[in-house]
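Quick mapping for you: the protein sequence lines, in order, are chains R and L. Per the working numbering, residue 2 is the first one in the first sequence, and the count goes up by one each step. Per the working numbering, residue 2 is the first one in the second sequence, and the count goes up by one each step. Yeah, the Cβ is synthetic: ideal placement off N, Cα and C, and Gly gets one too. Everything on this sheet refers to the single structure shown next.
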Amino acid sequence: MADELKKYRNPIWQNKENRHIVCEMLQSDGQYLIAHIVAGPESEGGVNIDYDAVIAEYGLDDLDARTASHQEQREKNNVREKEQAEAQLMRQKQEVLFNMKLEAFEIDIVKNSENKELKKLIRKSKTPLEIQAYTTILIQKELDKDEQ
Amino acid sequence: MSNNGYLYVASVNKAYYYAAKKSAESLLDFYPEAKITLFTHEEWVEGEDYKIFDNIITDGVPNHIRAKLWALSQTPYDLTLYLDCDTLIEHEDISNVFDHIGDNDIIFTRNRPYNAKITKLSDTEEMIYHCGLLLYRNNEQTKNLMDNWYADYLKQREPNWDSSPYPYQVRNWDTFTMWNLLTNSNHNVKVGDFPSPDARWNFVIGYKDSELDNTDRVIFHYTIHKHELNKNEVYQSQ
Chain R
2 MADELKKYRN PIWQNKENRH IVCEMLQSDG QYLIAHIVAG PESEGGVNID
52 YDAVIAEYGL DDLDARTASH QEQREKNNVR EKEQAEAQLM RQKQEVLFNM
102 KLEAFEIDIV KNSENKELKK LIRKSKTPLE IQAYTTILIQ KELDKDEQ
Chain L
2 MSNNGYLYVA SVNKAYYYAA KKSAESLLDF YPEAKITLFT HEEWVEGEDY
52 KIFDNIITDG VPNHIRAKLW ALSQTPYDLT LYLDCDTLIE HEDISNVFDH
102 IGDNDIIFTR NRPYNAKITK LSDTEEMIYH CGLLLYRNNE QTKNLMDNWY
152 ADYLKQREPN WDSSPYPYQV RNWDTFTMWN LLTNSNHNVK VGDFPSPDAR
202 WNFVIGYKDS ELDNTDRVIF HYTIHKHELN KNEVYQSQ
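Shown next, in the form of structure tokens:
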């Protein structure tokens with residue numbers, strides 16, 4: 002509970018050189034909102050009472066540690082999101098191939114064909130183009146057979 | 002003369018039965034001599050099924066989503082490759098699968114945490130084995146394990162079953178039941194892994210292609226869509 006009454010929560014550096022902090026700041030309605038607190042470069046001697054209050058409460062070392070931890074977490078999240086996006090794309094491609102193979106084998110002429118070699122090639126296909134090509138060849142061969 | 006074969010179990014929803022037939026047809030395309038057994042409900046069996054399956058068993062097959070656990074110990078084969086119905090065979094190596102049992106009683110492929118709903122039970126406990134495909138030896142200890150797998154799964158589904166210290170959702174998973182049996186009981190069953198890269202033996206939809214390590218998939222494992230389940234007959238026990 003005590004933590005909720007703090008005026009500043011979870012501060013990290015946005016830009017330490019510019020003495021720029023991002024944190025959650027307590028508002029008059031009791032809500033916390035993200036706030037950017039900028040004191041400017043130390044050489045310029047700017048003063049920001051919120052900046053001074055955050056430093057007084059947390060200290061420079063704690064802010065450094067929080068910033069490092071935040072960056073590490075963000076990098077992990079980026080890696081995870083990238084992996085999830087790749088997995089999603091992979092799954093979509095696999096679904097397309099799978100559905101195409103099912104559709105190919107739902108064609109009676111393909112299903113009932115005894116041409117095992119071409120059927121195997123359809124099943125082994127790794128791209129939609131292969132499926133389409135081998136299915137077309139198989140159908141053509143079956144039709145040619147019927148004509149003879 | 003070896004007595005090795007492939008086993009499918011289709012219950013509850015006819016979509017599983019149709020999927021099992023498709024999978025078995027793909028198996029026969031690559032291995033026409035394959036011996037295949039199907040456990041299913043009598044009412045679903047069609048005459049043409051005997052062109053695909055050598056053996057169709059309907060006696061006593063429970064109308065249960067995990068009927069497979071009931072059927073496993075009743076395999077007619079010395080070595081059995083159990084496959085979920087939602088699989089397709091894609092390579093001739095399927096005929097050599099039995100060579101990989103070694104001196105094990107049962108071998109599994111491994112779960113991929115990035116592609117599974119749940120694998121980690123705690124910081125030190127993880128359900129590593131994928132239970133949708135397994136190769137096993139028909140002996141007393143393995144049969145006991147399989148029978149206990151079904152019995153424990155039924156207990157796990159009872160409303161008052163206590164999942165603690167594990168998440169409640171584990172009650173849905175037969176993978177958890179098997180993990181629990183292999184971890185906390187002694188069935189004297191020698192457990193092993195499919196040869197590396199194991200993903201080629203059970204390539205579950207969503208796996209990365211890199212899992213194959215430049216080899217070809219032997220078995221592709223998809224998931225039957227909900228709309229397929231919704232449009233198909235749900236078996237009503239007599």
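| query | Can you give the beta carbon distance from R/VAL111 to R/LEU139, rounded, assuming they're within the 8 Å contact cut? | reply | Taking the first sequence and counting its residues from 1, the one referred to as residue 111 of chain R is at position 110. Taking the first sequence and counting its residues from 1, the one referred to as residue 139 of chain R is at position 138. About 6 Å separates the two Cβ atoms, so the contact holds.
| Hey, out of L/TYR137, L/THR176, L/PRO168, whose CA is closest to L/TYR151's CA? | Numbered from its first residue, the second sequence carries residue 151 of chain L at position 150. Selected option, being the one with the closest Cα: L/THR176.
| Bounding residues of the alpha helix (DSSP H) (the contiguous stretch that carries L/LEU122) | Here residue 122 of chain L is taken as the residue at index 121 of the second sequence, counted from 1. From DSSP, L/LEU122 is part of no alpha helix (DSSP H); its letter is neither H nor E.
| request: Give the residues of chain R in contact with L/LEU89, contact being defined as C-beta atoms less than 8 Å apart. | output: Working through the second sequence from its first residue, we reach residue 89 of chain L at position 88. Scanning chain R for C-beta atoms nearer than 8 Å to the C-beta of L/LEU89 yields PHE99, LYS102, ARG124, reported in chain order.
| Name the chain L residues whose beta carbon is nearer than 8 Å to that of R/LYS120? | Locating residue 120 of chain R in the first sequence gives position 119, where the first residue counts as 1. What R/LYS120 touches in chain L: ASP30.
| request: Leaving out five residues on either side along the sequence, give the residues of the same chain with a beta carbon under 6 Å from the beta carbon of L/PRO114. | output: The residue you call residue 114 of chain L lines up with position 113 of the second sequence. Setting aside the 5 residues that flank it on each side, L/PRO114 is surrounded in the same chain by THR120, each with a C-beta closer than 6 Å to its C-beta; the list follows chain order.
| message | When you compare the CB positions of L/TRP82 and L/LEU8, do they come within less than 8 Å of one another, or not? | response | As a position in the second sequence, residue 82 of chain L is number 81, starting the count at 1. As a position in the second sequence, residue 8 of chain L is number 7, starting the count at 1. Strictly speaking, residue 82 of chain L in this sequence is Leu, with Trp absent from that position. Yes, they are a contact pair.
| task | Within the same chain, show all residues whose beta-carbon is closer than 8 Å to that of L/ASN216, passing over the 5 residues directly before and after it, in chain order. | result | To locate residue 216 of chain L, count along the second sequence from 1; it is residue 215. Here the sequence assigns Thr to residue 216 of chain L, which means Asn is not the residue at that position. The answer, listed in chain order, is PRO198, ARG201.
| task | On a CA-only basis, which of L/LYS52, L/GLU49, L/GLU229 is nearest L/ALA16? Give me that one, please. | result | The count along the second sequence starts at 1 and reaches residue 16 of chain L at position 15. Among L/LYS52, L/GLU49, L/GLU229, the Cα nearest to that of L/ALA16 is on L/GLU229.
| field | Proximal residues, the region 89-107 of chain L versus chain R, C-beta separation under 9 Å | value | LEU89, ILE90, GLU91, HIS92, GLU93
| query | What residue does the beta strand (DSSP E) around R/TRP14 start on, and which one ends it? | reply | Here residue 14 of chain R is taken as the residue at index 13 of the first sequence, counted from 1. 9-16 is the span of the beta strand (DSSP E), which, as asked, contains R/TRP14.
| query | Residues of chain L with CB under 8 Å from R/ALA88, in chain order? | reply | The sequence position of residue 88 of chain R within the first sequence is 87, counting from 1. Counting only Cβ-Cβ distances below 8 Å, R/ALA88 has contacts in chain L at TYR115, ASN116, GLY207, LYS209, in chain order.
| Beta-carbon proximity check, L/THR88 vs L/ILE58, cutoff 8 Å | On the second sequence, residue 88 of chain L is found 87 positions in, with the first residue counted as 1. On the second sequence, residue 58 of chain L is found 57 positions in, with the first residue counted as 1. Taking 8 Å as the Cβ cut-off, L/THR88 and L/ILE58 do not qualify as a contacting pair.
| request: Compare the C-beta of R/LYS117 against all C-beta atoms of chain L and say whether one is closer than 8 Å. | output: In the first sequence, counting from the first residue as 1, residue 117 of chain R sits at position 116. With 8 Å as the cut-off, R/LYS117 counts as an interface residue toward chain L.
| task | Say whether the region 100-109 of chain L touches the region 50-65 of chain L, bearing in mind that this needs 3 or more beta-carbon pairs closer than 8 Å, one atom from each stretch. | result | no
| request: Can you grab the Cα-Cα spacing for the pair L/THR178 / L/ALA117, in whole Å? | output: On the second sequence, residue 178 of chain L is found 177 positions in, with the first residue counted as 1. On the second sequence, residue 117 of chain L is found 116 positions in, with the first residue counted as 1. If you take the alpha carbons of L/THR178 and L/ALA117, they lie about 16 Å apart.
| So, is the C-beta of R/ARG10 closer than 8 Å to a C-beta in chain L? | One-based indexing of the first sequence puts residue 10 of chain R at position 9. By this cut-off, R/ARG10 is not an interface position.
| task | Go to R/ALA36, then tell me how far its beta strand (DSSP E) extends in each direction, as first and last residue. | result | Taking the first residue of the first sequence as position 1, residue 36 of chain R is located at position 35. 33-39 is the span of the beta strand (DSSP E), which, as asked, contains R/ALA36.
| query | alpha helix (DSSP H) containing L/GLU212: first to last residue? | reply | Start at 1 with the first residue of the second sequence, and residue 212 of chain L comes out as number 211. Looking at the DSSP string, L/GLU212 is not in any alpha helix (DSSP H), and its letter there is neither H nor E.
| query | Helix, strand or coil: which one does DSSP assign to R/ARG124? | reply | Taking the first residue of the first sequence as position 1, residue 124 of chain R is located at position 123. Three-state result, R/ARG124: helix.
| field | Beta-carbon neighbours of R/GLU96, restricted to chain L and to distances below 9 Å | value | Here residue 96 of chain R refers to the residue found at position 95 when the first sequence is read from its first residue. Chain L residues near R/GLU96: ILE206, TYR223.
| Quick one, are the C-beta atoms of R/LYS120 and L/ASP104 less than 8 Å apart? | The count along the first sequence starts at 1 and reaches residue 120 of chain R at position 119. The count along the second sequence starts at 1 and reaches residue 104 of chain L at position 103. Contact: no.
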